[in-house]
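Chains as they are written, first to last, in our numbering: chain L, -1 to 313; chain Y, 400 to 889.
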């Protein structure tokens, strides 16, 4: 077990180093000059040059890479070119929106997907199954920016149940949650559709297993067998998808954040890219990579803890 | 669930109505990177702080005229070299310290220093010396007479800061003398300001204001319609304006800006270096079709690089009237009977992307083929502005009275005319208003005659506001959202 963990840790470290090189190179080749963008097209060339000097943009690419990685190792993510505040501070504020929103969406998606996925599997071929299959097909197909705009039109402009966007901050948790409800729901819908379909097919696979017949033979009712035996075994692929979805929700909400003008991680990356605030882009992307690698690492370890077969294989 | 939600929103609604009479929420597309107008060109900075938080010696009024700011009055010596400013008494910065002549000396010296990163350093270029004989008097000596000096001092880049303030701290916590004080900034979302009750001048009517940042035009429309935002002084989607206009809850405010929108032409790139070819281009363009098609009718045609609402403006659109047949024959005369191919590189704003398609079609009609490329601003700066790798591009030049850029042969138009450069030198040295007007008109004629660029239209300021919001600026003589006179009608 210890060797297994050490091996995973080594691969985690190597992935991070590789990621840092790729991210840095990919982002540094983008054309554009942060200093000129900040000062505009009527700025005098020597003011632009002075600013470039001040921001350290004149250093060589190696020097910039080393200072960036060195900073990351000591927990210093650098200072934003455009905003002139530490990147850690900027991320700190945004994470408090993106992280709760991702969790919220995940909870919503689970709450929707589990029951309908189970019903569809249990009543395979019935009208309920058809409804779920058709509905989730639609849920996957509808682009979420379009659905978001539709939701705003109806629920914010017509009925005023929600505001059209924006985030009031966590001073009043009730208002904060209300502001996140619509975006979280929009994010959750396609995820829930995928999850429900995975749930259904995984459950159907399990239902045809031999041990299910045994369970029925022991005298369990259909419902008991489903809940006690089938569900537990069907959960593994569902949980894997759930894990993947969380990483996606954390980083992939850019468009939804734009539509609801929410100050989250996604919109931070978006603005930073257009302003060529490269240090912010690099650090945030690195952080997200780190989060995803870490989640994968934790999942790997959990698999081994939960499933003894994996543990043995790893040795 | 539904009843709970409606209950909550009803509560929130009454709460916001109770405050509605004294605060306002302003929508804007771009969030400022920081709040020091002396350290960056971002118009978004001035949209928050100009006139509200920071003030200069002079300031712009909404009609574009220059009125006294922190300086109550001034005397100009007969040779035009010495300006003596008499400051208002008892002006205090928001942190409570007194604003004195030494703060003015410090601010101006900082802006013109060697290592200054002031984006408009040129505004201070002619200053030889700044001194403070006493606490309320500032004497500025110039190298040469400069008729635009008081105008220069009105810019957001020339506001007065508190001597000795930590410049880095000012980026997030501005400390000015204005009628509003900075309160809070939720980065990525909004900036809040409150009324300064110790203001030296006429106090603001509003108790406070929130600037909310919504970059997406569709989201901006939704926010206005849902009542989340009370006013959007520069509304990003002109196509939605008729809908607001028809709705009694809203006022559509159309004014002028300082944005000369032009088909910038690379005067150094063959065949565009040929004046005949540029003349042909000018006649190939139908300005009204562009204004109607790209700007939904909002915009004023211009025939040179000059704002139509300025007193010295002359209408030169007739010099380059739409005449495709003339354009074709001019091209033939220049040696291109079958036309030619060049590039048209478009930055992100809607005027450029939409206008670009129309212009490409109009040019094609006379035989000029354009390869259209859409660029982000960062790429645009790299390729077009610095690299000079372009034939045409479309940009709105939004700085007020910025025709001086044509005197710089290295500027991205690459227009190198010794006559124009001499004319600009003469204009700077001239202080007699009547002669200045004449010189500015000569400049307009010269730019039109040389067909330096395709002069398209003056960008309109298209704003939307709640019908009860009064006192917003109609025009935009500089980038600003002056809230000092704004109030809610009963």
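From the three backbone atoms N, C-alpha and C, an ideal C-beta is built for every residue, glycine too. Bear in mind the structure is a predicted one, so any value in this text is a computation, not a measurement.
Give, in chain order, every unbroken run of the alpha helix (DSSP H) that is at least 4 residues long and sits entirely within the region 3 to 58 of chain L.
32 to 37, 43 to 53
So what does DSSP say about residue 911(Y), is it helix, strand or coil?
Any question about residue 911(Y) goes unanswered here, given that chain Y covers just 400 to 889.
On the DSSP letters alone, give me the boundaries of the alpha helix (DSSP H) that residue 891(Y) sits inside.
Here chain Y has residues from 400 to 889 only, and residue 891(Y) is not among them.
Please report the distance separating the alpha-carbon of residue 83(L) from that of residue 607(Y).
For the purposes of this step, residue 83(L) is taken as the residue at position 85 of the first chain. For the purposes of this step, residue 607(Y) is taken as the residue at position 208 of the second chain. In a straight line, the C-alpha of residue 83(L) is about 26 Å away from that of residue 607(Y).
Just the Cα atoms here: how many angstroms apart are residue 549(Y) and residue 525(Y)?
Counting from one through the second chain, the residue named residue 549(Y) turns up at place 150. Counting from one through the second chain, the residue named residue 525(Y) turns up at place 126. The alpha-carbon atoms of residue 549(Y) and residue 525(Y) are separated by roughly 12 Å.
First through last residue of the beta strand (DSSP E) which encompasses residue 175(L)
As a working mapping, residue 175(L) is identified with position 177 in the first chain. Premise fails: residue 175(L) lies in the alpha helix (DSSP H), 171 to 205, not in any beta strand (DSSP E).
Is there at least one Cβ from chain L nearer than 7 Å to residue 642(Y)'s Cβ?
By 1-based counting over the second chain, the position of residue 642(Y) is 243. With 7 Å as the cut-off, residue 642(Y) does not count as an interface residue toward chain L.
Assess contact between the region 781 to 795 of chain Y and the region 735 to 753 of chain Y, defined as three or more Cβ pairs (one per stretch) separated by less than 8 Å. Is contact present?
yes
Would DSSP call residue 882(Y) helix, strand or coil?
As a first step, residue 882(Y) is located in the second chain; it is residue number 483 there, counting from the start. Coil.
Please state the DSSP three-state secondary structure of residue 870(Y).
Translated into the one-based positions of the second chain, residue 870(Y) becomes position 471. In the structure shown, residue 870(Y) sits in coil (DSSP, three-state: anything other than H, G, I, E or B).
Closest by C-alpha distance to residue 205(L), when choosing among 25(L), 185(L), 226(L), 194(L)
Your numbering for residue 205(L) matches position 207 in the first chain. Considering only alpha carbons, the answer is 226(L).
Start-to-end residues for the beta strand (DSSP E) that takes in residue 580(Y):
Position 181 of the second chain, counting from 1, holds the residue named residue 580(Y). Unbroken beta strand (DSSP E) run through residue 580(Y): 579 to 585.
Would you decide whether residue 26(L) is buried or exposed? Buried here means 16 or more other CB atoms lie within 10 Å of its CB.
Translated into positions along the first chain, residue 26(L) becomes position 28. That one is exposed.
Give the residues from the region 52 to 68 of chain L that approach chain Y closer than 8 Å (Cβ to any Cβ), ordered along the chain.
52
Closer than 6 Å by C-beta to residue 729(Y): which residues in its own chain qualify, once you throw out the five before and the five after it? Chain order, please.
Here residue 729(Y) corresponds to residue number 330 of the second chain, with the count starting at 1. Cβ within range, chain order: 675, 678, 679.
Contact list for the region 82 to 94 of chain L against chain Y, Cβ threshold 9 Å
82, 83, 87, 88, 91, 92
Select from the region 8 to 42 of chain L all residues with a C-beta closer than 9 Å to any C-beta belonging to chain Y, and list them in chain order.
28, 29, 30, 31, 32, 33, 34, 35, 36, 37, 38, 39, 40, 41, 42
Would you identify the three-state DSSP class for residue 617(Y), choosing helix, strand or coil?
As a first step, residue 617(Y) is located in the second chain; it is residue number 218 there, counting from the start. Three-state result, residue 617(Y): helix.
Look at the alpha carbon of residue 753(Y) and the alpha carbon of residue 261(L), and state the distance between them as a whole number of angstroms.
The sequence position of residue 753(Y) within the second chain is 354, counting from 1. The sequence position of residue 261(L) within the first chain is 263, counting from 1. Going from the Cα of residue 753(Y) to the Cα of residue 261(L) covers about 29 Å.
Would you list the residues sitting across from residue 739(Y) in a DSSP beta bridge?
For the purposes of this step, residue 739(Y) is taken as residue 340 along the second chain, with counting starting at 1. Answer by DSSP bridge pairing, in chain order: 767(Y).
Restricting to Cα atoms, I'd like to know which of 843(Y), 450(Y), 622(Y), 652(Y) is closest to residue 659(Y).
Here residue 659(Y) refers to the residue found at position 260 when the second chain is read from its first residue. Of the listed residues, the one whose Cα sits closest to residue 659(Y) is 843(Y).
Can you tell me whether residue 465(Y) is helix, strand or coil according to DSSP?
Here residue 465(Y) refers to the residue found at position 66 when the second chain is read from its first residue. The answer is strand: DSSP assigns residue 465(Y) an E or B state.
What residue from 724(Y), 498(Y), 779(Y) has the CA that sits closest to residue 766(Y)'s CA?
In the second chain, counting from the first residue as 1, residue 766(Y) sits at position 367. Comparing Cα-Cα distances from residue 766(Y) to each of 724(Y), 498(Y), 779(Y), the minimum goes to 724(Y).
Would you mind reading off the limits of the alpha helix (DSSP H) that contains residue 127(L)?
Here the question's residue 127(L) lines up with position 129 in the first chain. Residues 125 to 139.
Return no unless some Cβ of chain A is closer than 7 Å to the Cβ of residue 798(Y).
The question asks about chain A, but that chain is absent: this structure's protein chains are L and Y.
From the DSSP output, in three-state form, read off residue 423(Y) for me.
The residue you call residue 423(Y) lines up with position 24 of the second chain. Three-state DSSP puts residue 423(Y) in a strand.
Can you confirm whether the region 229 to 249 of chain L touches the region 193 to 203 of chain L when touching is taken to mean that 3 or more C-beta pairs between the two stretches lie within less than 8 Å?
yes
Per-residue DSSP class, three states only, for residue 594(Y)
Looking up residue 594(Y) in the second chain gives position 195. If DSSP states are grouped into helix, strand and coil, residue 594(Y) belongs with the strands.
Limits of the beta strand (DSSP E) - the one that residue 531(Y) falls within:
Residue 531(Y) sits at position 132 when you count from the first residue of the second chain. Element bounds for residue 531(Y): 526 to 533.
Exposed or buried, residue 266(L), counting other C-beta atoms within 10 Å across all chains shown (16 or more means buried)?
Your numbering for residue 266(L) matches position 268 in the first chain. With 16 or more other Cβ atoms within 10 Å, it is buried.
Kindly identify the DSSP beta-bridge partner or partners of residue 651(Y).
One-based indexing of the second chain puts residue 651(Y) at position 252. Its beta-bridge partners are 863(Y).
Opening and closing residue of the alpha helix (DSSP H) in which residue 682(Y) lies:
Taking the second chain and counting its residues from 1, the one referred to as residue 682(Y) is at position 283. First-last of the alpha helix (DSSP H) with residue 682(Y): 674 to 683.
What does residue 147(L) reach in chain Y if we use C-beta pairs closer than 7 Å?
Here residue 147(L) refers to the residue found at position 149 of the first chain. Near residue 147(L) (Cβ distances below 7 Å), the residues of chain Y are 617.
Selection from 736(Y), 782(Y), 776(Y), 774(Y) that minimises the alpha carbon distance to residue 764(Y):
For the purposes of this step, residue 764(Y) is taken as the residue at position 365 of the second chain. Considering only alpha carbons, the answer is 736(Y).
Proximal residues, the region 765 to 782 of chain Y versus chain L, C-beta separation under 8 Å
775, 776, 777, 778, 780, 781, 782
Name the one or two DSSP bridge partners that residue 84(L) has.
Stepping through the first chain from its first residue, residue 84(L) is reached at position 86. Residue 84(L) pairs with 77(L).
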